[in-house]
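In what follows, a single structure is set out as structure tokens and then discussed.
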Amino acid sequence: MFQRAQENRVNQMLVPGTTLETSVEAVQLSEQHANVYAAVGVHPNDALTWTASTLAGLEELARSTQVVAIGEIGLDFYRQYAPAPVQMQVLAAQLDLAEKLDLPVIIHTRQSLAEIWPIMQTWHDHLVHTHHPLADRPGVFHSYEGDLSTAIEITQRNFFIGISGPVTYKNASLKQQVTAALPITAILTETDAPYLPPHPFRGQRNEPAYIPLIAQKIADLLVLPLEIVSQNTVANAERLFRWRAIV
Ligand SMILES: [Zn+2]
251 MFQRAQENRV NQMLVPGTTL ETSVEAVQLS EQHANVYAAV GVHPNDALTW
301 TASTLAGLEE LARSTQVVAI GEIGLDFYRQ YAPAPVQMQV LAAQLDLAEK
351 LDLPVIIHTR QSLAEIWPIM QTWHDHLVHT HHPLADRPGV FHSYEGDLST
401 AIEITQRNFF IGISGPVTYK NASLKQQVTA ALPITAILTE TDAPYLPPHP
451 FRGQRNEPAY IPLIAQKIAD LLVLPLEIVS QNTVANAERL FRWRAIV
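Adding 250 to a residue's 1-based position in the sequence shown gives its number in my numbering.
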């Protein structure tokens, strides 16, 4: 899989955790492979795995220099595996951790953007008022699901918008309209592997080698050469995660 990624000029990859256990695995993977980085965090669907020792466990893991973000964290009201108040508490604790460790956040939303965006605005206000360096690179809304006006507000607060495989689907006119109107300086490409494979791999297992299919769709929508989209999205990821490819 890493070889196929490299053959397709995908040189840096981020593996996020969804629980403390999978965060351990993500860090291990990142320490075994060059240009693979990790995020540590508890996903809203796994919010019920949160215990009194989870926060300390994540903080311990984040000492690895391969850890470049806190995530995935967020709210998910499509799959209500955990009650909303629990999801909110787990999110709040991890936003505090991100601030403490100066690490940007990878935000997961599903049918929850209207609820999470005010929380993130309050968090960003706090970062700005305390002159926290994260105010300039607070995070990314991964696999963005919302409308254009919220996307513009998000980018105005220095968050990035993650564009994933569904932008290539025939019926994805809203995603395509939103993407077409975004500044290239605000876009990150992502797979969300193993989920959300781009066309023509829909229904199969997704993997990093498919990133160029998403970049090409972004290039078509923004009417830019693929090379410009590649250069910008690589630079955007470096700005957010502060990583640099080892060649
Ligand atoms: Zn997610």
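Glycine included, each C-beta is placed from N, C-alpha and C at the ideal position.
Item: Whole beta strand (DSSP E) elements within the stretch 363-409, 3-residue minimum; Value: 389-391
Item: Secondary structure of L500, DSSP reduced to three states; Value: Since the first residue shown for the chain is 251 and the last is 497, residue 500 is missing from the structure and cannot be characterised.
Item: Contact set for Q195: own chain, Cβ-Cβ below 7 Å, skip 5 residues either direction; Value: An answer regarding residue 195 cannot be provided, because it is not within the stretch 251 to 497 covered by the chain.
Item: Pair within 7 Å by beta-carbon distance, Q262 and A288; Value: no
Item: Secondary structure of L279, DSSP reduced to three states; Value: helix
Item: Touching by the beta-carbon criterion (3+ pairs, under 8 Å), the stretch 427-438 and the stretch 450-464; Value: no
Item: Endpoints, the beta strand (DSSP E) within which V355 is located; Value: 355-360
Item: Three-pair Cβ contact test at 8 Å for the stretch 325-340 versus the stretch 403-411; Value: no
Item: Limits of the alpha helix (DSSP H) - the one that A288 falls within; Value: Counting along the chain, A288 falls outside any alpha helix (DSSP H), though it belongs to the beta strand (DSSP E) covering 286-290.
Item: 6 Å CB neighbourhood of Q466 in its chain, flanking five on each side removed; Value: L476
Item: Three-state secondary structure assigned by DSSP to R251; Value: Per the sequence presented here, residue 251 reads as Met, with Arg not at that position. Correct three-state label for M251: coil.
Item: Closer than 6 Å: H379 CB and nearest ligand 1 heavy atom; Value: no
Item: Spatial neighbours of V378 in its chain, beta-carbon cut-off 6 Å, leaving aside the 5 residues before and after; Value: A385
Item: Straight-line Cα distance separating R329 from T299; Value: 15 Å
Item: Cutoff 7 Å; reference S414; Cβ partners in own chain excluding five residues on either side; Value: S393, E440, T441, D442, L446, I464
Item: Separation of I356 from Y331, as counted between CA atoms; Value: 20 Å
Item: Opposing strand residues paired with M263 [DSSP bridges]; Value: V286
Item: Proximity test, E322 beta-carbon vs ligand 1 heavy atom, cut-off 6 Å; Value: yes
Item: DSSP three-state assignment for L432, whether helix, strand or coil; Value: coil
Item: Exposure label - R494; buried when at least 16 CB within 10 Å; Value: exposed
Item: Among A469, G267, I402, the one whose alpha carbon lies nearest that of Q344; Value: G267
Item: H358 Cβ short of 6 Å to ligand 1 heavy atom set; Value: yes
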